[in-house]
Structures are given as C-alpha cells and as structure tokens.
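Residues in the sequence shown are numbered consecutively from 19, following our numbering.
The C-beta atom is built at its ideal place from N, Cα and C for all residues, glycine as well.
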Amino acid sequence: MEIPSFPIAIMMVATTEDSRIKRTYALAEAKRASSLLKGEGKQTIMKIANYFTLKLRPIQPRPNLSNYNFALDFTDYIRNAAIIQDKKWKLTNRLLSKGEVFLTTVEISRLLEEEVRRYIEQKLQVKVKSLPPSIMNRVNRLKQLFYEKRGKTSWEEIPSEVIIAAYPPCIRRLHETTSSGRHVSHIGRFSLTTFLLNIGMTTENVIDLFRSFADFKERMTRYQVEHLAGLRGSRTKYIPPTCDTLRTHGVCLGMDEICRGIRHPLVYYRRKLRVLKMKAPVAPGA
Ligand code: SF4
C-alpha cells in the first residue's frame, strides 16, 4: 500500500495545478522524512545524503565536539541552510573546518529536509493529461478541503498585471535604485527579483531592469532570474524573504501604515491592491 501511495499522491497533487497545494504537500512529506531521519543511524543518513550527492562524511565524536556526528561540505550546507530563517544556521555561527561544517544528526536531518522538499517539488512539475472521473472527484475534494482549511486567498490571486502603486516601500526603493543603475546588495537584488516574479512580471522585463548596472551581463542575469523563477535547476520558484529578514539586512526602509500589520512584502502588495481598488479602479503599470 505504501509504495504505490507515493506516485499516486504525486499524481493527484500535480493534477490540482495549485502551487500552494504543491508546496504544502512537498513540505509535509519533507518534514515527515526529516523526523524519521532523526531516529536513524549514520549509515542510513549517509545513504540518503549520497542519493542527493551531498558531500557528507561521518565523523567520530571528539572530546570537545561530542555532539557532532557529521561534516558537510560548506557549499552543500549553504544551499540548504540559506532558506532556513534562524540565526543559528548562518555560516558565521557554525563550526567550520577545512571547508566542512560540523553537524549533529538532528541538524543534518533538517538539511536533508530541504533536499527532499526540492525533490518532491520537482516531481510535482509533472503534467498529468487526464485522470478517470472517480480520481478527479477525489482531487477536487482535496482542493476543496485545502481551501476550506487555508482560506482561498493566495498569491495566485494577485492580478497578472504589475501595479507599481502597490509596491511596498522597500521594493519601491530597490526598484528605483536598480533602475538608476546604483549599487544594490545581493539580498536587495534577490528580494526585488523574486518579488517582481511573484507579482507577475515576466522574466524578460525583470532582466531589462538590471540593464542599467555597469556590471550587467545578460547571460548571467538571465540564468539567475530564470533560476529564481523556477525555470531552471531545482524548478523551485523562490519568494522574497520575510520582513524580519529584510529588516535584519537593512532593506526594510520607509515602513508605512500597512507595513505594521504584515510580515511579508507580498502580503503588503495584496493589501495595498485592495486599498487601491477601494479608492478607484487601478490601471496596469500605474
Ligand atoms: S515592513 Fe516589510 S513590506 Fe514594509 S518596508 Fe519593511 S520589509 Fe518592506
């Protein structure tokens, strides 16, 4: 029962064609895998890590490092830890030796959770042509349950046209700085790009925005923007960091009234759209 349940679940979730359902499912499976891994021995963890081609090696507990069971190449560490919103995972807060980060079993299980999540999200990209009506009924029931539980509001409801007047202050500032070719930090570029991609701007328009930089390189920019849009590599569409993270990096500037009640720039955008709509119909590109 358990073995076929996975491909069937993938097929059903993929058929919903709802990225929120897909993300939720991938995350839940990844969390389950991570919690099971915490109780596993080194051998099993090494097997899973090898499957994901992580450069991981088991280490013998040392007198002053008795908690650490594994050492992971720092590039593999960064790829998985970068998405975790906790200061403890910053590379500067880790024990690093000869390019390897020391980890406990619980910590490597958490990092493998990210690998599993991406793996499942990639599987969910599959296009299912048609399913028998009895299964479609179940898929529709699943969607209904999801919307009842989570509410229908989703980022997918953001209109496809870009409404500049609804940008949050931080993004407005990043947009202006970028357009004028002035320097923007790495997190600033990441936040602006992911924000614009998530509110419906095309990759071409996002790439054009960076043309005014003196160090603009089309090939490299295209690769990075398409990667963040989920068109390359792990096929994960990235979202901007939370307000807390942007605040930590000094990107949260010029907070206004709406900012006080939200924790994410995309939520700001949705709220501001509502406010603008109440005042007057908004023209695209306004
Ligand atoms: S509170 Fe959030 S949305 Fe508002 S300016 Fe700061 S980071 Fe941007």
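A distance below 8 Å between beta-carbons, with the five flanking residues on each side excluded, links residue 244 to the following residues of its chain, in chain order: 221, 250.
In this structure, the beta-carbon distance from residue 63 to residue 138 does not fall below 9 Å.
When distances are taken from the beta-carbon of residue 269 to the heavy atoms of ligand 1, the shortest one is below 8 Å.
When beta bridges are read from the DSSP output, residue 76 appears opposite 88. In the structure shown, residue 118 falls within a strand segment according to DSSP collapsed to helix, strand and coil. Residue state for residue 55 is assigned as helix, using DSSP reduced to three classes. Residue 296 counts as exposed, since fewer than 16 other C-beta atoms from the protein chains shown sit within 10 angstroms of its C-beta.
Separation of residue 50 and residue 199 (C-alpha to C-alpha, rounded to the nearest whole angstrom) is 45 Å. With respect to the 9 Å criterion, residue 79 and residue 87 are classified as neighbours on the basis of their beta carbons.
Residue 241 has its Cβ no nearer than 8 Å to any heavy atom of ligand 1.
Fewer than three pairs of CB atoms, one per stretch, sit closer than 8 Å, so the stretch 214-230 makes no contact with the stretch 264-281. The DSSP-derived three-state label of residue 109 is helix. With a cut-off of 8 Å on Cβ pairs, the stretch 140-157 is not in contact with the stretch 105-121, counting fewer than three such pairs.
Within a 10 Å sphere around the beta-carbon of residue 213 sit 16 or more other beta-carbons, which makes this residue buried.
Between residue 280 and residue 289 the beta-carbon gap is near 7 Å, inside 8 Å, which marks them as a contact. Sequence-distant Cβ neighbours of residue 161 in its own chain, meaning closer than 8 Å and more than five residues away, are 34, 36, 39. Within the same chain, 39, 40, 43, 142 come within 7 Å of residue 31 by CB-CB distance, once the 5 residues on both sides are set aside.
Looking from the CA of residue 103, the closest CA among 261, 90, 294, 285 belongs to 261.
Taken through DSSP and simplified to helix, strand or coil, residue 291 comes out as helix. The nearest non-hydrogen atom of ligand 1 is less than 8 Å from the C-beta of residue 265. For residue 83, DSSP records a beta bridge to 80. DSSP assignment within the stretch 187-230 yields no whole beta strand (DSSP E) run of 3 residues or more.
Take residue 239, set aside five residues on each side of it, and the residues of its chain with a beta-carbon closer than 7 Å to its own are 225, 228, in chain order.
Your pair residue 113 and residue 92 does not check out as a contact, with CB atoms roughly 11 Å apart and the cut at 8 Å. With a threshold of 16 other beta carbon atoms within 10 Å, residue 71 falls short and is exposed.
The beta carbon of residue 96 is closer than 7 Å to those of 109 in its chain, skipping five residues each way along the sequence.
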